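Notes follow the structure.
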Amino acid sequence: MMKTHLLFPLLLLFLTGFLAADTISPNEAKLKKDKLPKIKKENNVLLLKKSNFDRALKETKYLLVKFYVSLSQSSQNFSEEFAEAARQLKKEAPRIQFGKIDVTHQPDLRKEFNIQAFPTVKLFVNGSREDPIDCKGVRQASAFITWVKRRTGPSTVLINSTAQAEALIKADDLAVIGFFRELHNDSVEVFCEVARDVPEMPFGMTASEDICADYSIQKNTLVVFKKGKPVHNEVLEDGRQNKLGLTRLIKTFTLDLVTEYNIESGTDVEPFVSQTSVKIFDVPVENHILLFTPTNSETFSAIYENYKSAAAEFRGQILFVLVDTNEGRNGRIFEYFCIRDIDVPAVRILNLTSDAKYKMPADEVTVENLREFCQSYLNGKAKVHLSSEEIPEDWDKMPVKVLVGKNFNSIVFNKTRTVFVMFYAPWSHDCRKLLPIWDKLGEQYNSREDVIIAKIDVTANDILSVGLARYPFFTLFPAGSDYQEVAYAGDYTLEAFSEFLEEQSKTKAEPREKDPLGGIKEDRSQKETVITEKEL
21 MMKTHLLFPL LLLFLTGFLA ADTISPNEAK LKKDKLPKIK KENNVLLLKK SNFDRALKET
81 KYLLVKFYVS LSQSSQNFSE EFAEAARQLK KEAPRIQFGK IDVTHQPDLR KEFNIQAFPT
141 VKLFVNGSRE DPIDCKGVRQ ASAFITWVKR RTGPSTVLIN STAQAEALIK ADDLAVIGFF
201 RELHNDSVEV FCEVARDVPE MPFGMTASED ICADYSIQKN TLVVFKKGKP VHNEVLEDGR
261 QNKLGLTRLI KTFTLDLVTE YNIESGTDVE PFVSQTSVKI FDVPVENHIL LFTPTNSETF
321 SAIYENYKSA AAEFRGQILF VLVDTNEGRN GRIFEYFCIR DIDVPAVRIL NLTSDAKYKM
381 PADEVTVENL REFCQSYLNG KAKVHLSSEE IPEDWDKMPV KVLVGKNFNS IVFNKTRTVF
441 VMFYAPWSHD CRKLLPIWDK LGEQYNSRED VIIAKIDVTA NDILSVGLAR YPFFTLFPAG
501 SDYQEVAYAG DYTLEAFSEF LEEQSKTKAE PREKDPLGGI KEDRSQKETV ITEKEL
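Residue numbers 21 to 556, in my numbering, belong to the letters of the sequence shown in order.
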């Protein structure tokens, strides 16, 4: 019995020692954490990757992350402003950290956060990787600082006196003030949300009757001030406010009524880099109207005034852009819209979401014609403009078949043949380099009656039935009635193209006959051809 009584204390002592050895005290945990090397920084910006991203989120309350590709010119220009914002906030707001991820080397993170454009910036809050907040249209250091401050604190200034309102209005070229009867309603909430997304200008709000009277405001109203003067009043009604609509409207005031598109430089990766294009595409208005005309013509002044008058009527709905046809560096834009010298002056509308283009029916650029065209488009009555080259007589005589807008659907949707298409731009160095390889692929499959190798110049032919990416772009259209097009994402080598084609064309299809002259008998499908292009 004595031995049994002694056994329990010994066992308890053993277990206590074992558990104590396995437990880390708070001090030991701190020491262990302190031993971890700090995440490396470059110009005050954390260098993030898959292996340290979780840790960065856990250690930071607010983490603003830039996703970029190192070869992108826009990403390089963007980096300096991003780093300057990080430097300025380093001491002022240490709980806010800036980080960057080169998605070229971090494909898993790119996929997880669905990064499609570069650079892309997202704000992660309280260590969560779920639903980060997109930071769109922000490119200057001062705007980054304002944007993140408005996301982590008050988004507007509460104005208590007319003198305070005047100071805010004169502090910058643009300012927005919300005049309200009281500060607890739906309109105020929407106003504050808009302020978070428009860091380019100061926002203030007031419910003071005296201040409202000084500015002759009687209803809940948003007022945009430009260079100290009111330029737009928008009456706000509870329950009828649209955050995106108000954001679009206010952001348009960062541009002139008519913005000239000026090409500064370009590459095959980003062919349209300009002084104004970044600003144009940062304004969240999906409808752009473009006037193509020489700015030194005798009629330019009259045309421009008409265009400017129409722009005022559709502010916030359609963005008005001027393209000087005398500027040689604008040539790629002419190609994109298929504008010839004999067409000018010409007016087109581009929808950035669908990439559809619309042509103004009238030739004369008058306020009335512009108004009718814009209203018809907004009402959904305008017809998509289809551009296509004529079908070459020898389009099917070479191993690589030549497609244009007019024969694209009848060939690629033929149901009996697998069609592998190269979408290219003649001005692209990468495309020119790959064309000889594509010709060799055509020769390799020239004897196959179930496969067609084809190419199409997307600068002269608009195709909306296919989602296009940056040039060159390759898509395979399998044979069969239940086909599903497949975008090619492999290496640009003859071997890789061939391997992909063999793998994808396993589905058997009835081969069509070749006609006696060696051409292809077309299966004219009745599909409607809709057209577009990306990469503006």
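Here a beta-carbon is modelled for each residue, glycine too, at the ideal position from N, C-alpha and C. As the structure is a computational prediction, the values presented were derived from the model and not from experiment.
Does the beta-carbon distance from L496 to Y512 come in below 8 Å? no
Using a beta-carbon distance below 8 Å, is F357 in contact with chain C? Given the protein chain composition of this structure (a single chain), no chain C is represented.
Could you say which of P304, I476, P456 lies nearest to N429 if we only look at CA atoms? I476
Opening and closing residue of the alpha helix (DSSP H) in which V168 lies: 161-172
Look at the alpha carbon of P219 and the alpha carbon of I270, and state the distance between them as a whole number of angstroms. Roughly 11 Å between the two C-alpha positions.
CA-to-CA distance, G147 to T43, given in whole angstroms: Note that T43 scores 47 on pLDDT, short of 50, meaning its location in the model is unreliable; the coordinates nonetheless yield the value given after this. Cα-Cα distance, rounded: 26 Å.
Considering only the beta carbon of each residue, do V168 and L188 sit closer than 8 Å? no
Which of helix, strand or coil does DSSP assign to P456? Reduced to three states, the DSSP call for P456 is helix.
Using the Cβ count rule (16 or more neighbours within 10 Å means buried), how would you classify G462? buried
Measuring straight from C-alpha to C-alpha, what distance separates V251 and E384? Going from the Cα of V251 to the Cα of E384 covers about 30 Å.
Counted within 10 angstroms of its Cβ, other Cβ atoms place Q238 as buried (16 or more) or exposed: exposed
Nearest CA to the CA of F211: which residue from Q160, A163, L264, L194? L264
For a minimum of 4 consecutive residues, which ranges assigned as the alpha helix (DSSP H) are wholly contained in the segment 397-484? 425-432, 449-464
Do G336 and R268 have their C-beta atoms closer together than 8 Å? yes
In chain order, which alpha helix (DSSP H) runs of at least 4 residues are fully inside the segment 111-193? 127-132, 161-172, 182-190
Please determine if the segment 129-137 and the segment 197-210 are in contact, where contact requires at least 3 C-beta pairs separated by less than 8 Å. no
Quick check on DSSP: helix, strand or coil for G224? G224 falls in the strand class under three-state DSSP.
Please report how far the alpha carbon of C358 lies from the alpha carbon of K328, in whole angstroms. Spanning the two alpha carbons is a distance of roughly 24 Å.
Residue range of the unbroken beta strand (DSSP E) whose run includes F245: For F245, the enclosing beta strand (DSSP E) starts and ends at 241-246.
Whole alpha helix (DSSP H) runs in the segment 57-107 with 4 or more residues, listed along the chain? 70-79
Report the option in C394, P365, D344, N316 whose CA atom is closest to the CA atom of E333. Of C394, P365, D344, N316, the smallest CA-CA separation from E333 is found for C394.
So, is P139 buried or exposed, given that buried needs 16 or more other C-beta atoms within 10 angstroms? buried
For the alpha helix (DSSP H) containing R216, list its first residue and its last residue. 206-217
Count the other C-beta atoms from every protein chain shown that fall within 10 angstroms of the C-beta of N399, then say buried if there are 16 or more, exposed otherwise. exposed
Once you ignore the five residues that flank V303 on each side, which residues in its own chain have a CB closer than 8 Å to its CB? G157, R268, K271, T272, T274, L275, L339
Let's test the definition: count the other Cβ atoms within 10 Å of the Cβ of R115 and tell me whether it reaches 16, buried, or not, exposed. exposed
For T182, I'd like the list of residues in its chain whose CB is within less than 6 Å of its CB, leaving aside the five on either flank, ordered along the chain. Result list for T182: I231, D234, in chain order.
The segment 343-355 in contact with the segment 400-414 per 3-pair CB rule at 8 Å: no
C-beta contact flag for E229 and T241 at 8 Å: no
Which listed residue (D459, L129, F433, E388) has its alpha carbon closest to that of E505: Nearest Cα to E505 within the set D459, L129, F433, E388: F433.
By a C-beta neighbour count over all protein chains shown, 10 Å radius and 16 as the cutoff for buried, is D416 buried or exposed? Counting other Cβ atoms within 10 Å of its Cβ, D416 reaches 16 or more and is therefore classed as buried.
Could you name the residues of the same chain whose beta carbon sits closer than 7 Å to that of T80, not counting the 5 residues immediately before and after it, in chain order? Q117
What are the start and end residues of the alpha helix (DSSP H) that includes E229? 229-234
Between the Cα of A163 and the Cα atoms of R216, D459, V364, A382, which residue gives the shortest distance? R216
Rounded to whole angstroms, what is the Cα-Cα separation between V404 and D482? 11 Å
Does the Cβ of R260 have 16 or more other Cβ atoms within 10 Å, making it buried, or fewer, making it exposed? That one is exposed.
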